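Okay, so here's the structure we're looking at.
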Amino acid sequence: MASLDDLKKRIASVKSTQKITKAMKMVAAAKLRRAQESAEKGRPYSEKMNNVILNLSNGVSDKENAPKLLSGTGQEKTHLCVVMTSDRGLCGGFNSNIIKKAKSYFVKILDEGKELKIITVGSKGNDQLRRVYGDKIIENISFKESKNANYFDADKVGKMVIEKFEAGEFDVCTIFYNQFKNVITQIPQAQQIIPLNNEGEESSSDESYEFEPDEDEILSNLLPKNISTQIFKAMLENSASEQGSRMSAMDNATRNAGEMVDKLTIEYNRSRQAAITKELIEIISGAESL
Amino acid sequence: MSEEFKVEIVNPEKSFLVKDDVSEVVVPAFEGEMGILKDHISIISFLKPGIIKILSKSGDENYYIEDGIVEFKNNNLSILTSTIFNLADMDKSKQQDLLKQAEVEANRTDINDQSKYLADQKVEVLKTLN
Numbered sequence: 012m013a014s015l016d017d018l019k020k021r022i023a024s025v026k027s028t029q030k031i032t033k034a035m036k037m038v039a040a041a042k043l044r045r046a047q048e049s050a051e052k053g054r055p056y057s058e059k060m061n062n063v064i065l066n067l068s069n070g071v072s073d074k075e076n077a078p079k080l081l082s083g084t085g086q087e088k089t090h091l092c093v094v095m096t097s098d099r100g101l102c103g104g105f106n107s108n109i110i111k112k113a114k115s116y117f118v119k120i121l122d123e124g125k126e127l128k129i130i131t132v133g134s135k136g137n138d139q140l141r142r143v144y145g146d147k148i149i150e151n152i153s154f155k156e157s158k159n160a161n162y163f164d165a166d167k168v169g170k171m172v173i174e175k176f177e178a179g180e181f182d183v184c185t186i187f188y189n190q191f192k193n194v195i196t197q198i199p200q201a202q203q204i205i206p207l208n209n210e211g212e213e214s215s216s217d218e219s220y221e222f223e224p225d226e227d228e229i230l231s232n233l234l235p236k237n238i239s240t241q242i243f244k245a246m247l248e249n250s251a252s253e254q255g256s257r258m259s260a261m262d263n264a265t266r267n268a269g270e271m272v273d274k275l276t277i278e279y280n281r282s283r284q285a286a287i288t289k290e291l292i293e294i295i296s297g298a299e300s301l
Numbered sequence: 327m328s329e330e331f332k333v334e335i336v337n338p339e340k341s342f343l344v345k346d347d348v349s350e351v352v353v354p355a356f357e358g359e360m361g362i363l364k365d366h367i368s369i370i371s372f373l374k375p376g377i378i379k380i381l382s383k384s385g386d387e388n389y390y391i392e393d394g395i396v397e398f399k400n401n402n403l404s405i406l407t408s409t410i411f412n413l414a415d416m417d418k419s420k421q422q423d424l425l426k427q428a429e430v431e432a433n434r435t436d437i438n439d440q441s442k443y444l445a446d447q448k449v450e451v452l453k454t455l456n
C-alpha cells in the first residue's frame, strides 16, 4: 500500500490537473459562444449563394457546355479529399471522428481502383493521416496564426482547389468537416463540392430571372466563389464543433478528476486511521504488559 | 401603395445590413450602373467595384464594394459581397490604403484581362472618392 505521503502527493497532483481542465473548459465555453455566433451569422451568405446558384443552374440553357465546376469533367478517376481538422488537441473525439469518416471514404475510393489525393487543413489531421496515407497527401495547410476562422483563409484554400482542378489534377472534390449540432453532438460530414451536387434540391421557385451578363458568364464567375464559401462554411462549423467538443471533453475530465480525488481522499483517510489504530494497539499492549 | 422594398446585404462573416424602407438602390452592375426600384423584374447580376447607393426615407447611404452578386426577387434585394465598407466610416487613410493595394494589383502583369479590368475599376472608383 502506498504510503501516506505518496497519497497526499497524488491528491495534490490530481487536484491541479483538475484546475487546468476546469480552466480549459471555461475558455472553450467562452470561445464556443463566439464561434457559434459567427457560424450562425455566416449561414445567410452560404444559403443565399446556394440559392442563387440553384436558380442559375436551372436556367442554364445548354447543359452540355455548362462550366466544368458544375457538371464535372465527365469522369471520376481522381478524387481529391480536403480533410479539415483543428490545430490543437485535447478536444475529445473531434479530430478522430473526421479522420474516421475520411478513412472509410479513402478505403472505398482505393477499393474501386481510383486515384486518391489528400489536402489536409489543420495540423492534427495531418499528424493522424501521415502514417498511413503519407504518400497521398499533396498539400498541408495550417492556419495556426489566425485566431478565428476568416474568409481570407478559406479563399486561399478555395483558390488552391480551383487551380488544381483547372490543371486537371482531379475530377471530384470532397470536403470533410464536423457539422455543429450542439455542444455534445457534432456530426462528421463529407460534402462533395466539385462537381456541384444539387440533386434532391428543388429550386424555391420556377420564376425566371433576367440575367446580366448571361447565365453562363455569371455561373463561371460564381462557382469558384461558391467553393470558397462552402469551405468557409465548413471552417466555421468546424471551429464551433472544436470548441464544443473540447468543452464537453474537459467537462468530463474535470468530473473524472473530481471522482479520483474523492477516491484517493477516502484511501488516504483509511490508511491514516489504520496507522492511528496500529499505534493505539501498540501503546495499549505495551501498557498491558507492564 | 408604398414604393418601398427590402434590401439585405450579406458578407461571409455576417448579415451586414438589413433595411426595409428603401425606395431605390443603385448598384454598379457589370455592364453599367443599375438603379433598382420597387417591382423590378427578377434579376441576378454581377457587380464590379463601385459604390452602392441606398436611398431611403431614413437617409441615404453609400457603400464601397469590391465585388458581389445581386439578386432581386419579390421585392427583396439581396447583395452578396465579400468586401464592403460604409463610406461614412471610411476615412482618408483607409481610402489611400485601398487605393495603393488596387494600384499594385492593377500594375501586375501576370493577371488575366478580367482581373486587370476589375483592378483598374477599383483604382478609378477609389480615385473619384478622394
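If you read the protein sequences in the order shown, they are chains A and B.
According to the numbering used here, the first sequence is numbered sequentially starting from 12.
According to the numbering used here, the second sequence is numbered sequentially starting from 327.
Think of the CB as a built atom: it goes at the ideal place given N, C-alpha and C, for glycine as much as any other residue.
These numbers come from a predicted model, not from an experiment.
Quick check on this structure: which residue in the options has the alpha carbon closest to the alpha carbon of residue i?
i          : options                                        : result
Gln-427(B) : Leu-403(B), Ser-404(B), Glu-397(B), Glu-392(B) : Glu-392(B)
Leu-67(A)  : Ala-245(A), Glu-290(A), Ala-298(A), Ser-219(A) : Ser-219(A)
Val-340(A) : Glu-270(A), Ile-148(A), Leu-233(A)             : There is simply no residue 340(A) to check, as chain A begins at 12 and stops at 301 in what is shown.
Asp-164(A) : Glu-339(B), Glu-329(B), Glu-330(B), Ser-328(B) : Glu-339(B)
Leu-354(B) : Asn-402(B), Lys-345(B), Leu-403(B), Ile-377(B) : Checking the displayed sequence, the identity of residue 354(B) turns out to be Pro instead of Leu. Out of Asn-402(B), Lys-345(B), Leu-403(B), Ile-377(B), Ile-377(B) has the C-alpha closest to the C-alpha of Pro-354(B).
Ile-152(A) : Met-171(A), Ser-300(A), Tyr-144(A), Val-143(A) : Met-171(A)
Glu-48(A)  : Leu-127(A), Ala-160(A), Gln-29(A)              : Ala-160(A)
Gln-241(A) : Val-272(A), Glu-290(A), Gln-202(A)             : Gln-202(A)
Phe-411(B) : Lys-379(B), Asn-402(B), Phe-331(B)             : Lys-379(B)
Ser-256(A) : Ile-109(A), Phe-181(A), Cys-184(A), Arg-142(A) : Ile-109(A)
Phe-342(B) : Asn-438(B), Phe-398(B), Ser-404(B)             : Ser-404(B)
Lys-11(A)  : Tyr-162(A), Leu-230(A), Lys-158(A), Val-183(A) : An answer regarding residue 11(A) cannot be provided, because it is not within the stretch 12 to 301 covered by chain A.
Val-118(A) : Ala-50(A), Glu-156(A), Tyr-144(A)              : Tyr-144(A)
Leu-234(A) : Leu-207(A), Ser-282(A), Met-246(A)             : Leu-207(A)
Met-261(A) : Gln-86(A), Lys-88(A), Gly-104(A)               : Gly-104(A)
Leu-80(A)  : Ile-295(A), Gly-100(A), Gly-269(A), Leu-230(A) : Leu-230(A)
Gly-385(B) : Ile-369(B), Gln-421(B), Asp-436(B), Lys-345(B) : Lys-345(B)
Leu-455(B) : Gln-421(B), Gly-394(B), Asn-438(B)             : Gln-421(B)
Lys-453(B) : Asp-423(B), Gly-394(B), Arg-434(B)             : Asp-423(B)
Would you call the CB atoms of residue i and residue j closer than 7 Å?
i          : j          : result
Met-258(A) : Ala-40(A)  : yes
Thr-265(A) : Thr-32(A)  : yes
Cys-305(A) : Ile-129(A) : This structure gives no information on residue 305(A), because the portion of chain A shown stretches from 12 to 301.
Met-35(A)  : Asn-237(A) : no
Asp-98(A)  : Gly-133(A) : yes
Ser-371(B) : Glu-58(A)  : no
Phe-176(A) : Ile-205(A) : yes
Glu-359(B) : Val-351(B) : no
Asp-166(A) : Ser-239(A) : yes
Val-451(B) : Ala-432(B) : no
Leu-291(A) : Arg-21(A)  : no
His-90(A)  : Leu-127(A) : yes
Met-271(A) : Val-25(A)  : yes
Pro-199(A) : Lys-112(A) : yes
Gln-440(B) : Lys-374(B) : no
Thr-84(A)  : Ala-268(A) : no
Tyr-162(A) : Phe-243(A) : yes
Is the Cβ of residue i closer than 7 Å to any Cβ of chain B?
i          : result
Phe-163(A) : no
Thr-221(A) : For the sequence presented, residue 221(A) should be read as Glu rather than Thr. So, interface residue.
Tyr-116(A) : no
Lys-52(A)  : yes
Phe-176(A) : no
Tyr-56(A)  : yes
Lys-59(A)  : yes
Val-93(A)  : no
Gly-211(A) : At Gly-211(A) the pLDDT is 49, less than 50, meaning the model places this residue with poor confidence and gives no usable figure here.
Ile-229(A) : yes
Pro-235(A) : no
Since residue i contacts residue j with CB under 8 Å, what's their CB separation in whole angstroms?
i          : j          : result
Asn-337(B) : Ser-408(B) : 6 Å
Gln-190(A) : Glu-248(A) : 5 Å
Leu-413(B) : Tyr-390(B) : 6 Å
Lys-364(B) : Glu-329(B) : 5 Å
Asn-106(A) : Gln-139(A) : 7 Å
Leu-43(A)  : Tyr-279(A) : Incorrect: roughly 36 Å between the Cβ atoms, too far for contact.
Glu-397(B) : Val-63(A)  : 5 Å
Glu-221(A) : Ile-367(B) : 5 Å
Asn-401(B) : Lys-332(B) : 7 Å
Measure from the C-beta of residue i to each C-beta in chain A and report whether the shortest distance is under 7 Å.
i          : result
Pro-375(B) : no
Phe-331(B) : no
Pro-338(B) : yes
Phe-356(B) : yes
Glu-397(B) : yes
Ser-371(B) : yes
Ser-404(B) : yes
Ser-368(B) : yes
Ser-441(B) : no
Ser-469(B) : This structure does not reach residue 469(B), given that chain B is present from 327 up to 456, and the question cannot be answered.
Val-451(B) : no
Restricting to runs no shorter than 4 residues, where is the alpha helix (DSSP H) found entirely within the stretch 103 to 180 of chain A? 105 to 122, 134 to 144, 162 to 177
Those runs of the beta strand (DSSP E) which lie wholly inside the stretch 366 to 423 of chain B and span at least 3 residues: 369 to 373, 376 to 382, 387 to 391, 394 to 399, 402 to 406, 410 to 412
List, from N- to C-terminal side, the beta strand (DSSP E) runs of 3 residues or more that fit wholly inside the stretch 230 to 285 of chain A. none
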